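Here is the structure we will look at.
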DNA sequence: TCGCTCTAGTTAGAGGGTCTAACCAGATCT
DNA sequence: AGATCTGGTTAGACCCTCTAACTAGAGCGA
C-alpha cells in the first residue's frame with residue numbers, strides 16, 4: 001500500500017515506527033510475566049532509550065496497555081471475520097465450528113493478550129467505552145450464523161430477555177441487524193451470547209493453563225460444546 | 001470450639017489475630033483496585049503499622065496473595081459442598097442447578113477473589129501446586145451429580161479422552177471415585193469438565209462486568225446452560 | 001521473682017517503578 | 001536562515017518491595 005502522503009511526513013513515519021517497536025517490546029514483556037510485569041522503564045532500556053523518553057509516545061502506562069488491548073480486539077475480530085468469509089455459503093453448523101476454532105486459535109496463539117482483555121491489568125485501570133464496540137466486532141460473525149437457528153427449551157427464557165434488551169437499546173438492535181439482517185434478532189442474540197460464554201469458558205480455562213497435564217486436548221471440548229449448541233439451536237449440518 | 005492448647009499460646013493467638021486483620025485489609029484493597037493494587041505498605045498504614053512490620057507475618061507479598069487464593073478456593077469449595085448437602089436426595093437436575101447457583105452466588109459475591117483465582121495477579125506469580133487439589137475440591141460435588149447421566153453425541157469423543165486421562169493419572173481416578181463411587185468415571189468427568197467450562201464462561205464474563213448494561217440477568221443464561229447440559233447428559237428431572 | 005530469650009515492632013536504605021519538570025540539540029517548515 | 005517544534009536527555013518527587021540492624025518489651029524457665 002502506498003502511504004498516505006498527508007500523514008506520512010518523515011517525522012510521522014519515524015514516530016509510528018518507534019511506537020510500533022515499543023508495542024512489540026511491551027508485548028514481549030507481557031508474554032513473559034503477564035500484564036503487571038509491563039514496565040515502561042524496562043521497555044525503554046530494551047530499545048536503548050532512557051525511561052522518560054517513552055512518555056513522548058504514550059502519555060501514561062495505561063495508554064500503552066489500552067492500545068495493546070485495542071489491537072488485541074482488532075486481531076480477534078479479524079480472525080473471526082476471516083473465518084466467516086472463508087466459509088461463506090457453507091452450512092451454518094460448519095461455520096460455527098470454523099468461528100470457534102478461529103477464536104481458540106487466536107486466543108491460544110496469544111494467551112497473554114487474551115488475559116489482557118479479560119483481567120484487571122493495572123491498579124486503577126478503566127477500560128475505555130469504545131471497548132464495547134470492539135468486542136461487538138469480534139462477536140458479530142456469530143450473529144449471522146446463529147441467527148439461522150431457533151431457540152427451544154430453556155433458551156426460550158433467554159431469548160425473551162434478549163428481546164427485552166433489544167427493545168431498550170437501539171445500538172444493540174442495529175448491531176444485530178447489521179450482522180444478521182434476515183434473522184430474528186432475539187434468537188441470533190441469544191445464540192451468540194451463549195456461544196460467547198462457551199467460548200470464553202473453554203478458552204479462558206485453557207489460556208490460564210488449567211487444562212495443563214490433563215492429557216486432553218481442549219479442542220475436543222470446544223468442538224463438543226459447539227456441536228451441542230448447534231444441536232440446541234437446530235442448526236442444519238448440511 | 002475450644003482452642004488447641006498446644007498451639008494457642010498468647011503469642012500465637014495474637015499473631016493469628018493480626019494475620020487475619022492483614023488479610024481482611026488486603027481483601028479490601030483488592031476489592032477496590034484489583035490484585036495489582038495490593039500494597040503491603042498501604043495495608044500496614046491502614047493497620048497503624050509501618051511497612052516492614054508486615055514482613056514478620058508474610059515473608060513476601062506473594063505469600064499473602066497465595067493465602068488469599070487458598071482461602072478463596074476453600075470458600076468456593078464450602079459453598080459447593082453446602083449446596084450438595086442441602087439437596088442430598090433431590091433429583092440430579094435440581095442438584096445441578098443448586099450447585100451452579102451456589103458457584104455463581106459465591107463468585108459474584110466476591111468478584112475480586114474470583115478474578116484472583118483466574119488471573120495472573122503478580123509479575124512473576126507462580127500458583128503453588130496444591131492449588132490443583134483445592135480446585136478439585138470445588139468441582140468435586142459436580143462429579144457425583146453428573147455421574148448420574150450419560151454422554152451422547154459429541155460428548156462421546158470427550159468421554160473417550162477423559163477415559164484416557166483417567167488411565168494415565170491415578171490421583172485423578174481416585175478423585176473421581178471418591179466423589180462418584182458408583183458412576184462411570186469417564187462420564188462423570190466429561191460432564192464435570194463441561195460444567196466447569198460453562199460455569200466459568202458465564203460467571204467469568206459476569207464478574208468482569210461484561211454483562212453490564214445488557215439488561216439481562218446472567219442467572220437466566222446460567223440456568224439455560226445448566227438445563228441444556230442436563231438435557232445433553234440425560235439427567236432426570238424428577 | 002529474676003533474668004534469658006524470643007519477637008513484634010522500629011528506622012535506614014538499596015533498588016526499581018511511574019511520571020513531571022526543565023533543558024538541549026537537531027530536524028523541519030517558512 | 002531563523003523560528004519552531006520534537007525526540008531525547010538528566011534530576012527528582014513519590015510510590016513500591018524487601019533486607020539489615022536495632023530496640024523495647026512480652027513470655028517463660030529456674
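Residue numbers (the working numbering), protein chains in the order written: chain A, 1 to 238; chain B, 1 to 238.
C-beta atoms are modelled at their ideal positions from N, C-alpha and C, and glycine is treated no differently.
Since the model is a prediction, treat every value here as computed from it, not as a measurement.
Note down, in chain order, each residue of its chain lying with its Cβ closer than 8 Å to the Cβ of residue 104(B), except the 5 sequence neighbours on either side.
Here the set comprises 199, 202, 203, 206, 218, 219 and 222.
Only counting the same chain, and skipping five residues up and downstream in sequence, which positions put a Cβ closer than 7 Å to that of residue 119(A)?
Around residue 119(A): 35.
Put residue 11(A) into one of helix, strand or coil per three-state DSSP.
It is helical.
Could you check the C-alpha separation between residue 212(A) and residue 152(A) for me, to the nearest Å?
If I take the Cα positions, the gap works out to 35 Å.
Through-space distance from residue 186(A) to residue 160(A), alpha-carbon basis:
Straight through space, the alpha carbons of residue 186(A) and residue 160(A) are spaced by roughly 7 Å.
Quick one: using the 10 Å Cβ neighbour count with 16 as the cut-off for buried, is residue 114(B) buried or exposed?
The residue is buried, with at least 16 neighbouring Cβ atoms inside 10 Å.
Closer than 7 Å at the beta carbon, the chain A residues around residue 154(B)
Under the 7 Å cutoff, chain A gives 223, 224, 227 and 228.
Pick out whichever of 44(A), 190(A) and 63(A) has its Cα sitting closest to the Cα of residue 215(B).
If we check each option's Cα against that of residue 215(B), 190(A) comes out closest.
Nearest-angstrom beta carbon gap, residue 149(B) and residue 233(B) [assumed within contact, 8 Å]:
Confirmed, Cβ separation roughly 3 Å.
Is residue 29(B) helix, strand or coil by DSSP?
In the three-state DSSP reduction, residue 29(B) falls in the helix class (H, G or I).
Evaluate residue 147(A) with the Cβ neighbour count: other Cβ atoms within 10 Å of its Cβ, from every protein chain shown; 16 or more gives buried, anything less gives exposed.
Under a 10 Å Cβ-count criterion, residue 147(A) is classified as buried, with 16 or more other Cβ atoms of the shown protein chains found around its own Cβ.
So, is the C-beta of residue 231(A) closer than 8 Å to a C-beta in chain B?
Yes, residue 231(A) counts as interfacial toward chain B.
Chain B contacts from the region 159-182 of chain A (Cβ-Cβ distance under 8 Å):
Cβ contacts with chain B come from 161, 162, 164, 165, 168 and 169.
Listed by chain order, chain B residues near residue 205(A) by CB distance under 8 Å:
Within 8 Å Cβ-Cβ: 196, 197 and 200.
Listed by chain order, chain B residues near residue 80(A) by CB distance under 8 Å:
Among the residues of chain B, none has a CB under 8 Å from the CB of residue 80(A); the nearest is roughly 17 Å distant.
Quick one: which chain A residues come within Cβ less than 8 Å of residue 157(B)?
Simply 220, 223 and 224.
Rounded straight-line distance, which links the Cα of residue 47(A) to that of residue 316(A)
Summary: the structure shown does not reach residue 316(A), with chain A confined to residues 1 through 238, and so no result is reported for it.
Answer yes or no: do residue 68(A) and residue 116(A) have a C-beta to C-beta separation smaller than 8 Å?
Yes.
In three-state DSSP terms, what is residue 2(B)?
Caution applies to residue 2(B), whose pLDDT of 37 falls short of 50 and renders its modelled position unreliable; the value that the coordinates give is listed next. Here residue 2(B) sits in coil by DSSP.
Enumerated in chain order, which unbroken segments of the alpha helix (DSSP H) with a length of 4 residues or greater are wholly contained in the region 96-167 of chain A?
Positions of the alpha helix (DSSP H) runs, each at least 4 residues long and wholly inside the region 96-167 of chain A, are given as 111-118 and 130-146 in order along the chain.
For residue 235(B), count the other beta carbons within 10 Å of its own beta carbon; 16 or more makes it buried, fewer makes it exposed. Which is it?
Counting Cβ neighbours within 10 Å, residue 235(B) comes out buried, since at least 16 surround it.
Across the region 166-176 of chain B and the region 165-182 of chain A, are there enough close Cβ pairs to call them in contact, namely three or more that are closer than 8 Å?
Segments in contact, no.
Quick one: measure Cβ to Cβ for residue 239(A) and residue 73(A), integer angstroms, because I've assumed they're closer than 8 Å.
Nothing in the structure corresponds to residue 239(A), since chain A is present only between 1 and 238.
Compare the beta carbon distance of residue 83(B) and residue 99(B) with 8 Å and say whether it is the shorter of the two.
Their beta carbons are under 8 Å apart, which means residue 83(B) touches residue 99(B) by this criterion.
Expressed to the nearest angstrom, what Euclidean distance is found between the alpha-carbon atoms of residue 184(A) and residue 127(A)?
Rounded to whole angstroms, residue 184(A) to residue 127(A) spans 31 Å at the Cα level.
Supposed close pair residue 43(A), residue 22(A) - CB separation, criterion 8 Å:
Contact check for residue 43(A) and residue 22(A): beta-carbon distance about 6 Å, within the 8 Å limit, so the pair qualifies.
Of all the CB atoms in chain A, is at least one closer than 8 Å to the CB of residue 128(B)?
By this cut-off, residue 128(B) is not an interface position.
Hey, is residue 215(B)'s beta-carbon within less than 8 Å of any beta-carbon in chain A?
Yes, contact with chain A.
Within a Cβ cutoff of 7 Å, which residues of the same chain sit near residue 180(B), ignoring the five residues on either side of it in sequence?
Closer than 7 Å at the Cβ level, and outside the excluded window around residue 180(B), lie 143, 144, 147 and 188.
For residue 193(A), go through chain B and note every residue whose CB falls closer than 7 Å to its CB, in chain order.
Chain B residues near residue 193(A): 221.
Express the C-alpha separation of residue 11(B) and residue 5(B) in angstroms, rounding to a whole number.
At residue 5(B), the pLDDT of 38 sits below 50, so the modelled position is not reliable; the number obtained from the coordinates is stated separately. Cα to Cα, the separation comes out at about 12 Å.
Counting contacts by CB-CB distance shorter than 8 Å, is residue 148(A) in contact with chain B?
No, residue 148(A) lies away from the interface with chain B (no Cβ there is under 8 Å from its Cβ).
CB contact check: residue 208(A) to chain B, cutoff 8 Å:
Residue 208(A) counts as touching chain B.
Residue 184(B): first and last residue of the uninterrupted alpha helix (DSSP H) it sits in
Neither: residue 184(B) is in no alpha helix (DSSP H) and is coded neither H nor E.
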